Every structure is written in C-alpha cells, then in structure tokens.
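The numbers in the sequence shown follow my numbering, run straight up by one, and end at 100.
Remarks on the structure that follows.
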Amino acid sequence: MTIQIDMKLIDKGRTVAEPSITDDNIDGAVFDFREALRMLKPGQWLYIVTQLPADQARRFAPKDDMKDKPLTW
C-alpha cells in the first residue's frame with residue numbers, strides 16, 4: 028500500500044511550497060518526514076494536510092533524540 032502525505036511548508040507565516048512524501052509504508056514516510064524536519068530553517072514549519080489515522084499520527088511526534096534540534100513548530 029502506498030502512503031502519501033501532503034504538506035505545506037510555511038516560512039514566516041506564508042505558504043512557500045506544498046511538498047508531499049510518498050512511500051510504500053508508514054515507517055518509510057515517518058523516516059522521510061523526520062528528515063524533512065531536520066532540514067527546516069528558523070521561522071519555517073511543516074503543516075501536514077493529509078489526515079492520518081490516530082494510531083499512526085502520533086508516530087510523527089518528535090522523539091527524544093530530536094528534542095535538542097532547533098525546530099520551529
């Protein structure tokens with residue numbers, strides 16, 4: 028089953044891009060999303076447009092190893 032997650036990249040309050048992640052499974056999509064978070068610059072954030080099942084959505088929350096990263100939510 029293919030998973031597609033549509034997002035909006037917000038930069039200083041403005042939508043500047045609408046990227047999406049496509050993968051064969053949710054684990055790959057979660058990995059790709061976490062990598063995308065690491066590339067964010069100050070003042071940027073990703074808004075997930077796709078509605079995910081509740082049991083999968085919590086997997087997108089930052090893990091302990093990301094808490095010291097400079098992310099803007």
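Where a beta carbon is used, it is the ideal one built from N, C-alpha and C, also for glycine.
Please read these numbers as outputs of a predicted model, since none were measured by experiment.
- Message: Do T49 and Q78 count as a contact pair if the criterion is CB distance below 8 Å?
- Response: Contact: no.
- Mind checking which residues open and close the beta strand (DSSP E) that includes D50? From DSSP, the beta strand (DSSP E) with D50 extends over 47 to 50.
- Message: Taking 6 Å as the limit between beta carbons, can you name the residues of its chain near K39, skipping five residues before and five after?
- Response: Once the five neighbours on either side are set aside, the close Cβ partners of K39 are G70.
- Task: Taking only the alpha-carbon atoms, compute the straight-line gap between M66 and N52 and give it to the nearest angstrom.
- Result: Using only the alpha carbons, I get a separation of about 22 Å.
- In the DSSP assignment, what residue or residues form a beta bridge with D82? None; D82 has no bridge partner.
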